[in-house]
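Just so you know, our numbering puts 155 at position 123 of the sequence shown, and the rest follows in order with no gaps. Beta carbons are placed, not taken as given, at the ideal position from N, Cα and C, and that holds for glycine. Computed from a prediction, not measured in an experiment: that's the story for all the values here. What follows is a single structure, written as structure tokens, with notes after it.
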Amino acid sequence: MEVYEKINLLIKEQGITKKEFSNKLRAIEPKLKTTGEPPSEKTVYGYLSGYTSISIELIPYIAEALRVTEQELFLTTYEKRIDFYKTMVATATKDEIDMIKQRLKIKDNFENIIEPNQDIENLINPLISKLEELKVYMNR
33 MEVYEKINLL
43 IKEQGITKKE
53 FSNKLRAIEP
63 KLKTTGEPPS
73 EKTVYGYLSG
83 YTSISIELIP
93 YIAEALRVTE
103 QELFLTTYEK
113 RIDFYKTMVA
123 TATKDEIDMI
133 KQRLKIKDNF
143 ENIIEPNQDI
153 ENLINPLISK
163 LEELKVYMNR
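Encoded structure:
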């Protein structure tokens, strides 16, 4: 799956039109290095169709318009998403864990959940479920 296909999938999952996405992206006013201007609506449609290559400097703005992480634009399979979240949880700092607890309203004590010998699948699956619930909630 190409990045433009992933963007189209996210647009569809969020129940917005390509025009609405284009408007959201252009409202952020990303500046193209080549022109110093935001991309035109026609250019955005070119990105979404795959006819025009997406400039790397637009990735943060596209992610912001879709309310996803930049990384998620490149996670093209379920397995890659699982690997990403496993790594994220396994390497999370205390501050990041605190943020996750706050965002997901998890009242459990993470210090008791994350044990060195614990099967990572038992940890990651509930987190992924909560992240997906949060994503659905945020898209309303």
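Nearest candidate by alpha-carbon position, reference Glu164, set Leu80, Ser72, Glu73 and Arg99: The residue given as residue 164 occupies position 132 in the sequence shown. For Glu164, the nearest C-alpha among the options comes from Arg99.
Member of Glu37, Leu57, Arg58 and Asn157 whose CA lies at the smallest distance from the CA of Glu111: Here residue 111 refers to the residue found at position 79 when the sequence shown is read from its first residue. Closest by alpha carbon: Asn157.
Contacting residues, own chain, Cβ-Cβ under 6 Å from Arg58 (five flanking each side not counted): Numbered from 1 along the sequence shown, position 26 holds the residue referred to as residue 58. Cβ within range, chain order: Pro70.
Ile39 and Leu80 closer than 8 Å at C-beta: Locating residue 39 in the sequence shown gives position 7, where the first residue counts as 1. Locating residue 80 in the sequence shown gives position 48, where the first residue counts as 1. Taking 8 Å as the Cβ cut-off, Ile39 and Leu80 qualify as a contacting pair.
Three-way DSSP call (helix, strand, coil) for Pro62 in this model: For this step, residue 62 is matched to residue 30 along the sequence shown. The answer is coil: DSSP assigns Pro62 none of H, G, I, E or B.
Val121 - containing alpha helix (DSSP H), residue span: As a first step, residue 121 is located in the sequence shown; it is residue number 89 there, counting from the start. Taken as a continuous stretch (DSSP letters only), the alpha helix (DSSP H) holding Val121 covers Tyr110 to Ala122.
Three CB pairs or more closer than 8 Å across the region 51-67 and the region 118-134: With a cut-off of 8 Å, the region 118-134 and the region 51-67 do not count as touching, because too few Cβ pairs lie within range.
Exposure of Ile43, with buried meaning 16 or more beta-carbon neighbours within 10 Å: The residue you call residue 43 lines up with position 11 of the sequence shown. Ile43 should be labelled buried.
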